[in-house]
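Using the working numbering, the first residue of the sequence shown is number 2, and each one after it goes up by one. Glycine included, each C-beta is placed from N, C-alpha and C at the ideal position. Okay, structure first, notes after.
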Amino acid sequence: MPCQQKNYSFLFKLIAAIICLQFGSYAQSTRIMPIGNSITEGDGGDATYRYFLWHLLIDNGYDVDLVGTNYGAKDGPSPYDFDQDHQGEWGIQAGQVLPEIGDQARATLPDMVLIHLGTNDIGHDNDIPGETAETCAHRTSLELMDIIDTLRSVNPDVVVFLAQIIPAYFDDWVRVLNDSIAFYGNAQSTARLPVIIVDQYNALDYVVAPDGDYKDGLHPNQNGEEKMATTWFAAIENFYTINPRIIPMGGAFVDSVTVTCATSASNASLYYTLDGSTPTTDDFLYSAPFYLEGDTTLELAVRTFLDDGSDTSLTATASFVVTPDLTPPEILSVFALNDHEVLVEFSEEITRTSGEDISNYEIDNFASVNGAVMQDDSQSVILTTSPLMTDVSYTLTANDIGDRSIAGNAITPDSRATFILESATVGTFIEENGVCVMEAEHYTELNQRTDEVVWVESTLVSGHEGDGYMVVPNNTAPDNSSWDNACEVAYDVQISTPGIYYIAVRMLALSGYDNSARVGARYRNVLYGKPDD
Numbered sequence: 002m003p004c005q006q007k008n009y010s011f012l013f014k015l016i017a018a019i020i021c022l023q024f025g026s027y028a029q030s031t032r033i034m035p036i037g038n039s040i041t042e043g044d045g046g047d048a049t050y051r052y053f054l055w056h057l058l059i060d061n062g063y064d065v066d067l068v069g070t071n072y073g074a075k076d077g078p079s080p081y082d083f084d085q086d087h088q089g090e091w092g093i094q095a096g097q098v099l100p101e102i103g104d105q106a107r108a109t110l111p112d113m114v115l116i117h118l119g120t121n122d123i124g125h126d127n128d129i130p131g132e133t134a135e136t137c138a139h140r141t142s143l144e145l146m147d148i149i150d151t152l153r154s155v156n157p158d159v160v161v162f163l164a165q166i167i168p169a170y171f172d173d174w175v176r177v178l179n180d181s182i183a184f185y186g187n188a189q190s191t192a193r194l195p196v197i198i199v200d201q202y203n204a205l206d207y208v209v210a211p212d213g214d215y216k217d218g219l220h221p222n223q224n225g226e227e228k229m230a231t232t233w234f235a236a237i238e239n240f241y242t243i244n245p246r247i248i249p250m251g252g253a254f255v256d257s258v259t260v261t262c263a264t265s266a267s268n269a270s271l272y273y274t275l276d277g278s279t280p281t282t283d284d285f286l287y288s289a290p291f292y293l294e295g296d297t298t299l300e301l302a303v304r305t306f307l308d309d310g311s312d313t314s315l316t317a318t319a320s321f322v323v324t325p326d327l328t329p330p331e332i333l334s335v336f337a338l339n340d341h342e343v344l345v346e347f348s349e350e351i352t353r354t355s356g357e358d359i360s361n362y363e364i365d366n367f368a369s370v371n372g373a374v375m376q377d378d379s380q381s382v383i384l385t386t387s388p389l390m391t392d393v394s395y396t397l398t399a400n401d402i403g404d405r406s407i408a409g410n411a412i413t414p415d416s417r418a419t420f421i422l423e424s425a426t427v428g429t430f431i432e433e434n435g436v437c438v439m440e441a442e443h444y445t446e447l448n449q450r451t452d453e454v455v456w457v458e459s460t461l462v463s464g465h466e467g468d469g470y471m472v473v474p475n476n477t478a479p480d481n482s483s484w485d486n487a488c489e490v491a492y493d494v495q496i497s498t499p500g501i502y503y504i505a506v507r508m509l510a511l512s513g514y515d516n517s518a519r520v521g522a523r524y525r526n527v528l529y530g531k532p533d534d
């Protein structure tokens, strides 16, 4: 993994440590869990709606990962090429899903769920003497709401798409259930935790193939599966298109924050309130990012209104707490880059005027400051000095350095920090033309820390360069052991060419998957690196 350094040169120690870690696959894509019965799982050579939906999402640029503890269809993998993970099960009812869905969600961590359940509930119950469509619909809807609550207990931000189920041969009962699903689902939906009702009932024509969308009295054929997928996709796209986004999504901020509201909908306007109430067109019209500063607490609520009045979005909310910055900047560190340049790092961003005023700096031992250049991070300044002597302790004194806060806090008068221009030592690697190749066994120092995890030099495995390589042969530390318990091997590297540098580590784990190195430059920009296969 690359480690990007700032655009200056300095002498640093590269610290590498072996720590035992369990690595899993942590995808950055949106994790979608299809939940349902045979209509979701499919049978034999079925494509299922999941096939068509996956391709619609991928082809339209969505980065998604279908998840679930089941795979393929009832009789094995589908012959179609797509992500086949799901949470569908042939013949299952909503009440049977409920006891397992919490563990299934914890195992797969969905960001979004697509629920199509209830067909088997009413299909079974309409044959029970004395049972009515209303009581069955009521019971099934409550079970669906319990499923949603369980999913939210695993991921409070899960987005729920709840289907009104497709037609079946017991159509009167289907209609009653779908009305109940819409009623309970809308009651369960809030601006913070939406439940989006998806009308799958009217998406299909209840005619058995070859003229319609069904292969039997319950299950869609490919025409029906594709129509289901199109309906799911339209609901997903509409949700992410019309619903507004607040950037950042709230939080605690020091001094100030700029808040941006956005929607992907065209021909639309955003209205907002500052007390958390649901916005209407009588409230504030959003026109540009706004700036919060000082001592401010508010609950921002934003809503999209289409210009033709055809639709409105859910309400996005975010809480903002802004507190004044009353903390003055401090000198964080001072490094002698070479015999005429000194890098000064401050604890926060400072003003360019104060940072580049050479009268604000003094160096003892007859050294003088001749120039000062602010770096891109606004927290670092490179001082140009008179020639510095090696291995001499210098003290830098700083005054009148101001931060960028509204209050304009100034550094404590006569703030001091010491530094030394170190002479190159044996074991130091010298960069040339922006490149430095280090051999693992030529380290500067070892810090074993414990007897359990110990670096030693070895030559047992062929293919290494140099005299050998560094290895931890008897790692008995527990998995996920902390950085504080891991052993270190340190290297001195002299960098003299300014630029952006990347640190790469070549590693081999005998287990092939569960070891890593943690890499940092002077304990900064710390990285974890997985072993190469």
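Considering only the beta carbon of each residue, do D493 and T429 sit closer than 8 Å? yes
- Message: Pop quiz: A408 and D326 are said to be a contact at Cβ under 8 Å. What is the actual Cβ separation, rounded to whole angstroms?
- Response: 6 Å
- Using beta-carbon positions only, say whether F53 and A230 come within less than 8 Å of one another. yes
- Scan the segment 263-338 and note each continuous beta strand (DSSP E) run of 3 residues or more that stays entirely inside, going in chain order. 269-274, 291-294, 297-307, 317-324
Review point. Would you report the Cα separation of T109 and T391, rounded to the nearest angstrom?
Key: 57 Å
Exercise. If you compare alpha carbons, which of D173, P290, I383 is closest to T259?
Worked result: P290
Look up P195 in the DSSP assignment and say whether it is helix, strand or coil. coil
Rounded to a whole number of angstroms, what is the C-alpha to C-alpha distance between V209 and L178?
22 Å
Problem set entry | Cβ neighbours of C437 in the same chain (closer than 6 Å, five flanking residues each side left out) | F430, V494
Checklist entry - Count the other CB atoms within 10 Å of the CB of L393; is the residue buried (16 or more) or exposed (fewer)? => result What sits at residue 393 in the sequence shown is Val, not Leu. V393 is exposed by the Cβ-count criterion.
I want to know whether the segment 127-143 touches the segment 37-56 - three or more CB-CB distances under 8 Å.
no
- Pair within 8 Å by beta-carbon distance, L115 and I33: yes
Integer-rounded CB distance, given that I148 should sit under 8 Å from L99: 6 Å
- Paired residues, beta bridge with A418 - DSSP: L397
Self-check item: Any beta strand (DSSP E) of 3 or more consecutive residues that is wholly inside the segment 30-58
Solution: 31-37
Residues in the same chain with beta-carbon distance under 8 Å from D309, minus the five sequence neighbours each way, listed in chain order, please. N268
Practice task
Return yes when at least one heavy atom of the ligand COA lies under 7 Å from the C-beta of R246, else no.
Solution key: With respect to the ligand COA, the structure shown offers nothing to examine, as it has no ligands at all.
Which one or two residues does DSSP pair with M471 in a beta bridge?
E458
Neighbourhood of T460 by C-beta distance below 7 Å, restricted to the same chain and skipping five residues each side: G469
Q.
For a test of the three-state rule: what should DSSP assign to V177, helix, strand or coil?
A. helix
Three-way DSSP call (helix, strand, coil) for N71 in this model = strand
*Straight-line gap, D214 to Y50 (C-alpha atoms, nearest Å)*: 12 Å
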